[in-house]
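J.: Our numbering applies: residue 1 is where the sequence shown begins, and numbers increase by one.
Where is the CB? At the ideal position from N, CA and C, for every residue including glycine.
Bear in mind the structure is a predicted one, so any value in this text is a computation, not a measurement.
Let me give you the structure first, and then I'll get to my questions.
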Amino acid sequence: MKLNKYFLFIGLLSLLLTSSCKKVAKEASEKVAGKGAKSLSKEFTEESLEKFSKRELKTITWEDFYKAIAKKMPALAQALDGLDSHVRVVFEKYLKKDYRFFKGLTSSNTVIDECAIYSKQAPKLMKDPNFMRMYVKANILRNEGRNSIIDNLIAKEEAGFVKFYTKTTNKLVAEYRDGIVNTFDRSILSQELIPNACYEIKGVNGKKCSYFIDDLGRISSIEGKNMSPEDIASEIVNISTKNDFGKEWDQALSKLKQSSGKNDVNIKCQFSYANDDEILPKYAHIETDLSGKKKVSSTYKNVAKRIGNTFSSEENEAILKKYASKVGLSADNSTKLLSEMNTDDGLARLIHENPQLNIKRWSNTRHHVDKKLIMRTPKGKMPIKARVYAGNVYYFNPHLNYGLKARLRRGNGMVNLRGMSNLSYDDLVRLDKLYPDGVPFTKQGFPDFSNVAAKGRDGKPIKVDIGKLTGDSKKDISKAETIFQNQGNSWGAGFTWHHIENTTSLLRVPTQIHQLVDHTGGMSMSGLKK
1 MKLNKYFLFI GLLSLLLTSS CKKVAKEASE KVAGKGAKSL SKEFTEESLE KFSKRELKTI
61 TWEDFYKAIA KKMPALAQAL DGLDSHVRVV FEKYLKKDYR FFKGLTSSNT VIDECAIYSK
121 QAPKLMKDPN FMRMYVKANI LRNEGRNSII DNLIAKEEAG FVKFYTKTTN KLVAEYRDGI
181 VNTFDRSILS QELIPNACYE IKGVNGKKCS YFIDDLGRIS SIEGKNMSPE DIASEIVNIS
241 TKNDFGKEWD QALSKLKQSS GKNDVNIKCQ FSYANDDEIL PKYAHIETDL SGKKKVSSTY
301 KNVAKRIGNT FSSEENEAIL KKYASKVGLS ADNSTKLLSE MNTDDGLARL IHENPQLNIK
361 RWSNTRHHVD KKLIMRTPKG KMPIKARVYA GNVYYFNPHL NYGLKARLRR GNGMVNLRGM
421 SNLSYDDLVR LDKLYPDGVP FTKQGFPDFS NVAAKGRDGK PIKVDIGKLT GDSKKDISKA
481 ETIFQNQGNS WGAGFTWHHI ENTTSLLRVP TQIHQLVDHT GGMSMSGLKK
């Protein structure tokens, strides 16, 4: 009996201890969780918004976010406070899910106010969280100096629709109502799209394309009627020029061309993405029918290099840690580059695409400018832009050249050139790919156009010594051209002659680049310029 009581006592004691442990564990867990939440809230409020990772954002409440921006971006906080409650609910959901939306929203103190001004003649847009998310994400393009298509359009409410007209010609481009966008200009599909919308384009011969957009603003599927195989390739499967669905799709398209007439193919194309951050689809499931008979029904993998849409501070820091020592990036410059990558998605993309090359290129724009070494013109002035570029490289990609990015912003997405076609963001990126070494400036403050100069038969930059400068730029250029042609060369459009400072030689360079790169020429340094 005593033994049974003993075991009963032990059992009760174990139960109490177990219950006590569970209680203690629960209390400890709640304490840690509470402490973690408070810590996270404090961190989010006090730390820079740009430093938050995608993972951390998934745990943020709207209240925490509001506290942070109320302190750092009061105008944005006030504007968000004035939004309809259902808009704020949607914003909170996609703040956690769509990192690009978070970056667009926190990139400007006035982005919501700007959206309100834009929607003045179409007030229903300010109650449409999907349109507003698209407008906010387009702010990333604006900050990069790129031309946002939506900014070239005027929105007006007419007969229940929101109609978009071009600012310059007042041409109707699209009509929007109840999530349906009837568009008459396919270029509108090339940038940010309204999430959860359907864009419809109608053409001749009954041709029709419907582009269905997912909740993150990406094309999820496309349906086309009365299409030609060529249309299917360009307007559907390869709607993004970065898509590449490989040899199997090329073979399927070739067979389709053999069996098809001109505009008799119906198609359904379903895209799938690896994760929320991808902008390029991983797979495309394509089904086509011709006169009611299936011709294609397969899934194709996108073999193009996929790269994230927007990178978090955590991802940027990781890639810099991996490559900094390999390229000799100092700790101070690592900190500066990380800060710039966190606020400039285009720069972050460059670094992630080719870390070793583009970290080096960025470093080539950060050398100290020693004003003591900069030469003075005969009038005692520093050469144009010498204070900025002396001893550094002038690159054509705006993400590696703050001066160019500023010119794009001032020109509403265009760099203005005298007497020539203006250059867009995309034009500058193409120039950068053509001339990745850019135009180095000497420590004395003069550009060296050798990297971009026309090359002779020997592969070297074409340079002509005219013997003596005349003091008249046009006469010197004419003389250089005459010597050049007397050497058996023919005249070619698109080039001019650049005076090399402190010499009587001229270098043959593309006129467009010569004008783009602001500089003081050798003629000015000669003191002979009239």
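By how many angstroms is the C-alpha of lysine 295 removed from the C-alpha of serine 108?
T.: In a straight line, the C-alpha of serine 108 is about 50 Å away from that of lysine 295.
J.: Out of curiosity, what's the CA-to-CA distance linking aspartate 64 and phenylalanine 271?
T.: Cα to Cα, the separation comes out at about 35 Å.
J.: If we call anything under 8 Å between Cβ atoms a contact, is tyrosine 66 one with leucine 80?
T.: It is a contact, given that the beta carbons lie within the stated cut-off.
J.: If we call anything under 8 Å between Cβ atoms a contact, is asparagine 422 one with valine 415?
T.: Against a cut-off of 8 Å, the Cβ pair of valine 415 and asparagine 422 comes out as a contact.
J.: Would you identify the three-state DSSP class for phenylalanine 7, choosing helix, strand or coil?
T.: Caution is warranted here: a pLDDT of 44 is assigned to phenylalanine 7, below 50, making its placement in the model unreliable, and the coordinate value is therefore given only provisionally. Correct three-state label for phenylalanine 7: helix.
J.: Taking only runs of the alpha helix (DSSP H) that begin and end inside the region 244-300, which ones reach a length of at least 4 residues, in chain order?
T.: Whole alpha helix (DSSP H) segments, 4+ residues: 246-259.
J.: How would you label tryptophan 491, buried or exposed, when you count the other beta carbons within 10 angstroms and need 16 or more for buried?
T.: Looking at its Cβ environment, which holds fewer than 16 other Cβ atoms inside 10 Å, tryptophan 491 is exposed.
J.: Compare the Cα-Cα distances from valine 452 to each of Phe311, Arg508, Phe245, Leu193 and report the closest residue.
T.: When only C-alpha atoms are compared, the closest one is Arg508.
J.: Less than 8 Å separating the beta-carbons of proline 195 and asparagine 130?
T.: Contact: yes.
J.: Rounding to the nearest angstrom, what Cα-Cα distance links lysine 137 and aspartate 426 in this structure?
T.: Those two C-alpha atoms are separated by around 19 Å.
J.: Short check: CB of histidine 498 to CB of glycine 521, under 8 Å?
T.: It is a contact, given that the beta carbons lie within the stated cut-off.
J.: I want to check one thing, is the minimum distance from the CB of glycine 492 to the heavy atoms of the ligand COA below 7 Å?
T.: For the structure depicted, the ligand COA is absent and the ligand set is empty, with no information on it obtainable.
J.: Helix, strand or coil, according to DSSP, for serine 490 in the structure here?
T.: The answer is coil: DSSP assigns serine 490 none of H, G, I, E or B.
J.: Please determine, among His367, Asp151, Asn401, the residue with the shortest C-alpha to C-alpha distance to tyrosine 165.
T.: Among His367, Asp151, Asn401, the Cα nearest to that of tyrosine 165 is on Asp151.
J.: Given glycine 346, which residues of its chain have a CB within under 6 Å of its CB, disregarding the five upstream and five downstream residues?
T.: Correct list, in chain order: Glu144, His399.
J.: Using only the alpha-carbon positions, how far apart do isoleucine 219 and tyrosine 211 sit?
T.: Each residue's Cα considered, the two are about 7 Å apart.
J.: Please state whether DSSP places leucine 532 in a helix, a strand or coil.
T.: Look at the range of the chain in this structure, 1 to 530, and you will see that residue 532 is not part of it.
J.: Check phenylalanine 52 in the structure and name its three-state DSSP category.
T.: Three-state result, phenylalanine 52: coil.
J.: Please determine if the region 432-449 and the region 377-395 are in contact, where contact requires at least 3 C-beta pairs separated by less than 8 Å.
T.: The region 432-449 vs the region 377-395: in contact.
J.: Please name the residue in Lys326, Glu235, Glu157 whose C-alpha comes closest to that of tyrosine 118.
T.: That would be Glu157, whose Cα lies nearest to the Cα of tyrosine 118.
J.: Which residues share a DSSP beta bridge with serine 221?
T.: Phe212, Gln270, per the DSSP bridge assignment.
J.: Can a CB atom of chain D be found closer than 8 Å to the CB of lysine 468?
T.: Although the question refers to chain D, the structure presented lacks it and comprises just one protein chain.
J.: Please confirm whether glycine 206 and asparagine 266 have their CB atoms less than 8 Å apart.
T.: Their beta carbons are not under 8 Å apart, which means glycine 206 does not touch asparagine 266 by this criterion.
J.: What are the complete alpha helix (DSSP H) segments, minimum 4 residues, inside the region 413-498?
T.: Complete alpha helix (DSSP H) runs here, min 4: 425-434, 473-486.
J.: Is it buried or exposed for threonine 288, if we count other Cβ within 10 angstroms and need 16 for buried?
T.: Classification for threonine 288: buried.
J.: Taking only the alpha-carbon atoms, compute the straight-line gap between glycine 471 and asparagine 502 and give it to the nearest angstrom.
T.: Approximately 13 Å between the Cα atoms of the pair.
J.: Report yes or no: do the region 237-254 and the region 272-283 share at least 3 C-beta pairs separated by less than 8 Å?
T.: Result yes; three or more Cβ-Cβ pairs closer than 8 Å.
J.: Entirely within the region 102-163 and at least 3 residues each: give me those beta strand (DSSP E) ranges in chain order.
T.: The qualifying runs are 153-158.
J.: How would you call valine 393, buried or exposed, if buried means at least 16 neighbouring beta carbons within 10 angstroms?
T.: The residue is buried, with at least 16 neighbouring Cβ atoms inside 10 Å.
J.: Which of helix, strand or coil does DSSP assign to serine 41?
T.: Residue confidence for serine 41 is low, a pLDDT of 43 falling below 50, so the modelled location carries little weight; the figure read from the coordinates is stated next. Correct three-state label for serine 41: helix.
J.: Quick check: leucine 320 and leucine 337, are their CB atoms within less than 8 Å of each other?
T.: Their beta carbons are under 8 Å apart, which means leucine 320 touches leucine 337 by this criterion.
J.: Can you name, in chain order, every residue of its own chain whose Cβ lies under 8 Å from the Cβ of glycine 411, other than the five neighbours on each side?
T.: Correct list, in chain order: Asn422.
J.: Name the one or two DSSP bridge partners that glutamate 200 has.
T.: In DSSP, glutamate 200 forms a bridge with Asn182, Ser210.
J.: Of the residues Cys115, Leu256, Asp244, Gly413, which one's Cα is nearest the Cα of methionine 227?
T.: When each option's Cα is compared against that of methionine 227, the closest is Leu256.
J.: Just to confirm my understanding: we take isoleucine 213, look at its own chain, exclude 5 residues before and 5 after, and list those with CB closer than 8 Å. What are they?
T.: Excluding positions up to five away in sequence, the list reads Leu193, Ile194, Pro195, Asn196, Ala197, Cys198, Tyr199, Ile219, Ser220.
J.: Counting along the chain, where does the beta strand (DSSP E) carrying tyrosine 176 start and finish?
T.: Residues 172-177.
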